[in-house]
Each structure stands twice: as C-alpha cells, then as structure tokens.
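So the sequences go chain by chain: W and U.
When the letters of the first sequence are read in order and numbered with our numbering, they come out as residues 774 to 1107.
When the letters of the second sequence are read in order and numbered with our numbering, they come out as residues 902 to 1181.
One structure is given here, and the rest of the page talks about it.
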Amino acid sequence: MSKKTRYFVLTAATILTVGLTTGLVASYMGMGVAFSKAAGPDELQYVPADAAVVAYANVRDVMNSNFRERFRKLEPDTQERDEFQQKTGVNIEEDINSVVAAMIPGAGNVVVAPGGPEGASEGGVLILARGRFEQSRLEALALEHGGKAEEYGGKRLLTHVKDSGDPDMAVGFLEADLIALGSYSAIKKSIDAGRGNNIVSNTELMRQVNELDGSNAWAVGRFDAIAKSAHLPSELQAQIPTIQWFSAAGHVNGGLSGVVKAEAKDDASGQNLRDMIRGFLALAKMQAGSKPEMKAMVDALQLSGEGKSVTLSFEVPSEIFDVLEQMGAQHLKR
Amino acid sequence: MNGALPTASTHLSFWTASRRVFDLSLGEMLWSRRTIFMALVVGGPVILAIVVRVLEMFGMPALRLNGQRVGGVGVFGVVIWMLFLRFIIPILGVFYGTALMADEVEDKTITYLFTRPVPRGAVLVGKYLAYLACTGLVVLPSVMLVYFLLVRVNEIAGTFVQLLTDLALLALGLAVYGAVFAFVGAFFKRPLIIGLVFIGGWEQTVMALPGYMKRFTVAYYLQALVPHAMPTEGVVSLLQGMFRDTPPIAVSLTWLTVYVILFLYLAARTVERKEYVLEQ
C-alpha cells in the first residue's frame, strides 16, 4: 500500500471513528439532554421534571400576526382587560412575550373529596409568563386583597390564603422578567426545578419538544394525562392505552398551519391509529363534499407517519379565513 | 502488473492470493479516474447538506412538506433514500463492479494476472474486496459528514441507531450491487450497458409495478431495510409506495446475503473458466 493510499485510508477511518464515537457518547452519556435546552424556551428550566404536559406560546409572534389582526374586530369588549391593566399594570397584548404552561401531577391543592383518598392532591397547573411586570405594584395589590408575601428558595412568593388558612393560588417572581402563576405547591416545585431536576432532564419529553422547534405555539404531553382532563370521543378513548405521547404544534402567521402527532406504544398500535384516523378523514371528506368552503379545509388535512408515530398536518391559508369572515358577516346580517 | 504478486516458483493459498490482489488493487482503484467521478457523486450530498445547514442558520426552512418544515433528521432520511440508496450505491456498484475484470481485459493486462501462480478466482475476490474498501471508505465517511451537518447535536442521541442502520445498509448495498455487477463484468461483453439498464430500467420499472417480479431486484430487499419513511414526491415514488409490499427484515437480509455469495461465486467461477480473448 502506497503512502498516499495509507493516508487516505487513515483519514476516512478517522472520520468514521470520530463520528461513531460522538454518536455513542451522545447516546449513552446523555448529550441529547445536555444540549436539549437549546430546543425549547429558557423557561423550561423552571418546569418540574415530572410535568405530564408542557405547552408554549410565543405571545408576541401571535399578537403581531396578520391572523390575530383579522380577528381583533371580533374580540369582545375590552373593558375587563382595561380594568385588569389598571390594577396590575400589565397590558396582556404588549407586555407579555411568551407563556409556558405545564400540568404537574400531584402539585395541585389538597382536596378532600367524598369517597376519595383523604388529603389527595390534584394535578396542578403552572404558568410561566415572560414579559414586563411591576413587582411592587403586584405585591401591593396582593397584600391589599389579603394575600401573603414570603420568600422561598430566594424568590419572592405572593400567596392567596383560603378561609381555612391553607395557601391557595400563588405568584412567584422567578426572574426580573419572569413570573410563575399557579397553585402554591406548583410554584414551590417550579422554584425547586430552577435549581436542577427540571423538565430538561426528562429525555423522553424533550425528544418530543425537539421535534417541534420552529413553531410559535406547541404542546407536548403524556397522552393519559391529557385524556384525563379532556372529553374525547369514545373511539379515541378506546385507543388511549395504546397512545403514549401526544404533541401539537402550530405556526400562526397570515394563515394557520400545524401538526398533531401521536406516538403509540408499538408499530401495530400506530398502524391501527393511522387506519382509524384515515377512516375519520374519509368520512369528513364525504361530509364536506357538498360544502366547498369546508372541502378546502378538509383537503388541507394530511395524514402521515410510520412505525409508532402518527402525524396529522394541516394548513389553513388566509383565503379560507376570508371565506369564514364572509360567512360570519352574512350570518350577522340575518 | 508489478512484482507484488508471486513468481511462478511460489504458490499461494486462495485467501493469501486474494489479499495480495487486494493490496495491489486498492491503490489502483483509489487513484484512478473513476474515483474522481465517485468523489463528485458522493460530494453532492455533502454540498447539499452544507447548503441546508446554512439556510437553517438563517432561519430559512430548506425543505417543506405539506406546509410543514422538515427538520434535519427528515432531510437526512430523504438524502439517504433519494440520493444514496436509489442513485449513488447502484451507480457505484455498476461502475466499479463491472470494471473489476473488464478493465483488465480492456487494458490487455489480464494476461499478466493470469500468468501468476494464483487461483484466477482469487484475483476477482481480491479485486472485489478492494472495491468494497475503496467505495466504503469514500461513501461511509461522506454519509457521516452529511449526518453531522444535517442533524442537530440534541437529536443525535435519538437518531444514532438510525445512522448505524443506514451505514450498515449502505455497506450491504455496495456489497450486493458489487457482487452482482462483478459477475456481469466477468460474464458479459458489454457489462456497463447491461448494468445501467439493470439499475435504471429493470429495477425502476419492476419496483413500480405490482406482482412478484420485484423479487428479482436488489432494491426490493434493500429498500425494505431502510429505517426512514419513503418520500412520496414524484410519480415513480408514488407508484412504488402504492405497490410496496415490504418483505420482513430477516427475509431481506437472507436474500441479500444469498445474492452476495451466489454472484461472487458465479463471478469467480466465470473468471476461472472463461477464456478471455484480447482484441488486437
């Protein structure tokens, strides 16, 4: 073997070895977890690791979109919104940049239900809002309404106390431009998560989040958690044990596009689910045949996926909203 | 040929002879004009991956399907399907496989090989192994580069097994196509034309039609092993997707292995028995 052949073989072998080693290290040492922070918003570091559902909305993008502009005139009276702004100093349209919401099992308020386990804790909802907030104004307002202020983990906490003396809802000031809203225990869990053991270390959920990057609104969760709180059709209920993960992502601009994904427990369940949705789509297309305005929407639905995954994507162009607007206007005239 | 091969006074076993031919042929293959063609073919996906990467850096989606942005992993899947599996691997198999013996005949150097005290079959096997090393050392690193250019670091953990499957699949593809076309090159007079007709005509047509004829292709078994979803752009892909009955992995692997062994054996046997007449 000549010298240059040897060099060539050595270079090619090095590229392969470096690539394979990097992949192995990434797979076994959790590089995916270490780097997954880049995939989602920074607020995820305040979401506890055991959160069953996580959702994100880039409020600024949505508020500035043509889609929102189109529906602004249909919005109800702004009196209540003005009142809220007057009291809290927060203009929802302009002061909030993004919102992250999470459903945390066992982080709700303690409930004593008849026949239920005594002192069981229901699932709590945590909302993390990033934007401009006047902490002193919000604190004064809370204290004025009988709230209590305290420190937890170096963060300021405002709590609403029930008549029984137990803490109810709370607001936590996590960063200068980040507040947390939710049940008392959810907020405390969120502050704890900020010190480590947060959702970013949940590889399975973060894998789902990684796939949704680029959307300005998305939600990811364990399907059993979503199904518990949603009234789903019986056909879908029957499929629940076979669905493990559920995600939905949307991009709001002039129109609306999005993708809904489900991950079944195995390939056979995935195939069943795809067949079932295909049946629904066929039915919807039949129904929409006589309504041209609906036909365009149904035709925009695309089913895909392989193995365990089922994906339903859709795109609603702005022209469809023109039609809907016209229909709405005609309806109002009548 | 030079003195790397033994003289008439020494006798080598089949495998030792194959190794000698391999040593000799690897350098020749790597630095031949054919490698420039291979570098161009294999460099295409790398350049494409760089373009996609740059577009993504500027926030522009490189590929959209049904209005949805296709991520790096999706683009990588498309590159493996459309470029490597359906174009690069068969074309390299044809160009290199058919040339293993045909080049020696064309250059009239086959006499020098056959006058050495090495089994004729070992010449073919040694050259075949050199082909595998030569193409493998160019194709597989290129796939690795494409993968790391397209797939984000946080997606590596979830897709690494897919990459390993792809690498193994492409290596298997090179082995099977190489063996098939080594036989074609050893047996037929115009092997390149036959090879091109096989991959561009026979395989494409039969794969798009219903029926059992697709079982007489390499692509049928090879495409059954791909871990990515089949892209559905283009009429041919749509037809192939429609009539796609995928054989089980074990069946595909068995048939591909049978193809390699059978065609390599037939090629070696042909070289052993055939009387090559050099045109003056």
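C-beta atoms are modelled at their ideal positions from N, C-alpha and C, and glycine is treated no differently.
{"Check": "Between W:Asp1072, W:Tyr819 and W:Val863, which has its C-alpha nearest glycine 926 of chain W's C-alpha?", "Outcome": "W:Tyr819"}
{"Check": "Can you find a CB in chain U that lies within less than 7 Å of the CB of serine 1082 of chain W?", "Outcome": "no"}
{"Check": "What are the boundary residues of the alpha helix (DSSP H) that includes arginine 995 of chain W?", "Outcome": "Where arginine 995 of chain W is concerned, there is no enclosing alpha helix (DSSP H), although the beta strand (DSSP E) it sits in stretches over 990-995."}
{"Check": "Should the segment 1015-1034 of chain U be regarded as contacting the segment 1115-1122 of chain U, the criterion being three or more beta carbon pairs within less than 8 Å?", "Outcome": "no"}
{"Check": "Please go through the segment 925-953 of chain U and give each complete alpha helix (DSSP H) segment of 4 or more residues, from N-terminal end onward.", "Outcome": "none"}
{"Check": "Against chain U, with Cβ distances strictly below 7 Å, would phenylalanine 808 of chain W count as a contact?", "Outcome": "Here the model assigns phenylalanine 808 of chain W a pLDDT of 45, short of 50, so the residue's position is not dependable, and the following value carries that caveat. Answer yes: the Cβ-Cβ gap between phenylalanine 808 of chain W and chain U drops below 7 Å somewhere."}
{"Check": "Confirm, please, whether the CB-CB distance from phenylalanine 977 of chain U to leucine 1041 of chain U is below 7 Å.", "Outcome": "no"}
{"Check": "Between phenylalanine 1087 of chain W and alanine 1073 of chain W, is the Cβ-Cβ spacing less than 7 Å?", "Outcome": "yes"}
{"Check": "Beta carbons nearer than 8 Å to chain W: which residues of the segment 1037-1053 of chain U have them?", "Outcome": "Leu1038, Val1039, Leu1041, Pro1042, Met1045, Leu1046, Tyr1048, Phe1049 and Arg1053"}
{"Check": "By DSSP's criteria, alanine 1052 of chain U is part of a beta bridge. Which residues make up the other side?", "Outcome": "Here residue 1052 of chain U turns out to be valine, not alanine, going by the sequence shown. Valine 1052 of chain U is not bridged to any residue."}
{"Check": "So the alpha helix (DSSP H) arginine 833 of chain W belongs to, where does it begin and stop?", "Outcome": "832-837"}
{"Check": "State yes or no: is the beta carbon of asparagine 831 of chain W nearer than 7 Å to at least one beta carbon in chain U?", "Outcome": "no"}
{"Check": "Ends of the beta strand (DSSP E) at proline 940 of chain W?", "Outcome": "940-948"}
{"Check": "Please report the Cβ distance between arginine 1091 of chain U and phenylalanine 996 of chain U, rounded to the nearest whole angstrom; I am assuming they are in contact, meaning their Cβ atoms lie under 8 Å.", "Outcome": "The Cβ separation is near 14 Å, so there is no contact."}
{"Check": "Can you find at least 3 beta carbon pairs, one from the segment 962-978 of chain W and one from the segment 905-923 of chain W, that sit closer than 8 Å?", "Outcome": "no"}
{"Check": "Where tyrosine 801 of chain W and tyrosine 1177 of chain U are concerned, what is the direct C-alpha to C-alpha distance, given to the nearest angstrom?", "Outcome": "55 Å"}
{"Check": "Are the CB atoms of valine 1047 of chain U and alanine 940 of chain U within a distance shorter than 7 Å?", "Outcome": "no"}
{"Check": "Quick one: what does DSSP say phenylalanine 906 of chain W is sitting in, helix, strand or coil?", "Outcome": "coil"}
{"Check": "At the level of alpha carbons, what is the spacing between isoleucine 788 of chain W and proline 991 of chain U?", "Outcome": "23 Å"}
{"Check": "Between glycine 945 of chain W and lysine 928 of chain W, is the Cβ-Cβ spacing less than 7 Å?", "Outcome": "yes"}
{"Check": "Residues of the segment 1063-1074 of chain U with a CB closer than 9 Å to any CB of chain W: list them in chain order, please.", "Outcome": "Leu1064, Leu1065 and Leu1068"}
{"Check": "Kindly list the residues whose CB is nearer than 7 Å to the CB of phenylalanine 1099 of chain U, restricted to its own chain and excluding five residues on each side of it in sequence; keep chain order.", "Outcome": "none"}
{"Check": "Under a three-way DSSP split, which group does methionine 958 of chain U fall into?", "Outcome": "helix"}
{"Check": "With a cut-off of 8 Å, do at least 3 Cβ pairs link the segment 861-876 of chain W to the segment 821-828 of chain W?", "Outcome": "yes"}
{"Check": "Which runs of the beta strand (DSSP E) fall wholly inside the segment 1018-1082 of chain W and span at least 3 residues, in chain order?", "Outcome": "1029-1037 and 1075-1077"}
{"Check": "Using CA atoms only, rank isn't needed, just tell me which of W:Leu1029, W:Ser963 and W:Val1033 is closest to phenylalanine 996 of chain W.", "Outcome": "W:Val1033"}
{"Check": "Over the uninterrupted beta strand (DSSP E) stretch that includes isoleucine 869 of chain W, give me the two end residues.", "Outcome": "869-877"}
{"Check": "For the segment 1011-1023 of chain U against the segment 916-926 of chain U, are there 3 or more C-beta pairs whose distance is under 8 Å?", "Outcome": "yes"}
{"Check": "Can you find a CB in chain U that lies within less than 7 Å of the CB of threonine 790 of chain W?", "Outcome": "no"}
{"Check": "If we cut at 7 Å on Cβ distances, does aspartate 924 of chain U have a partner in chain W?", "Outcome": "yes"}
{"Check": "Given a limit of 9 Å on CB to CB distance, which residues of the segment 967-988 of chain W reach chain U?", "Outcome": "Thr976, Met979, Arg980, Asn983, Glu984, Asp986, Gly987 and Ser988"}
{"Check": "How big is the Cα-Cα spacing for phenylalanine 1082 of chain U and valine 1161 of chain U?", "Outcome": "10 Å"}
{"Check": "Is the Cβ-Cβ distance between glycine 928 of chain U and threonine 778 of chain W less than 7 Å?", "Outcome": "yes"}
{"Check": "Taking any Cβ of chain W, which residues in the segment 925-946 of chain U have a Cβ under 7 Å from it, in chain order?", "Outcome": "Leu927, Gly928 and Leu931"}
{"Check": "Report buried or exposed for isoleucine 1094 of chain U, applying the criterion of at least 16 other Cβ atoms within 10 angstroms of its Cβ.", "Outcome": "exposed"}
{"Check": "Excluding the 5 residues preceding and the 5 following glycine 1062 of chain W in the sequence, name in chain order all residues of the same chain whose CB lies nearer than 7 Å to its CB.", "Outcome": "Lys1068"}
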